[in-house]
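Numbering (our numbering), first residue to last: 4 to 103.
Heads up: the structure comes next, in structure tokens.
And the structure:
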């Protein structure tokens, strides 16, 4: 497996090449999409992207955790966590890529 990371710049470059918008417009489009997705998640909405997956926010309640080193009980505060659930098509595509 490669250590390559897909960045915002890579996404805007792909939009530039595939769609034909200027580099500036491509970067603005990518930023706008990411901002819309982030705003929806902040509001507690799900973000579903067909054939890719679903991003959602879960509220986790307070609980008692344990320090593994000392065994001491530690309170864990309630929090919101971001989750991603890939679609079946994405799972199949990734699994097929592993067989190469």
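Virtual Cβ for every residue (Gly too), placed ideally from N, Cα, C.
The model shown is predicted, which means the values in this text are computed figures rather than measured ones.
Contact between residue 64 and residue 81 holds, with the beta-carbon distance rounding to 5 Å and staying under 8 Å. Counting along the chain, residue 69 sits inside the beta strand (DSSP E) bounded by residues 66-69. Close CB contacts of residue 78 within its chain, under the 7 Å cut and outside five residues either way in sequence, are with 65 and 67 (chain order). It is roughly 7 Å from the alpha-carbon of residue 86 to the alpha-carbon of residue 61. When the beta-carbon positions are compared, residue 33 and residue 9 stay at least 8 Å from each other. The alpha-carbon separation between residue 41 and residue 30 amounts to approximately 16 Å. Non-local C-beta neighbours of residue 54 in its own chain, meaning closer than 8 Å and more than five positions away in sequence, comprise 90, 92 and 93, ordered along the chain. When DSSP states are grouped into helix, strand and coil, residue 54 belongs to the coil group.
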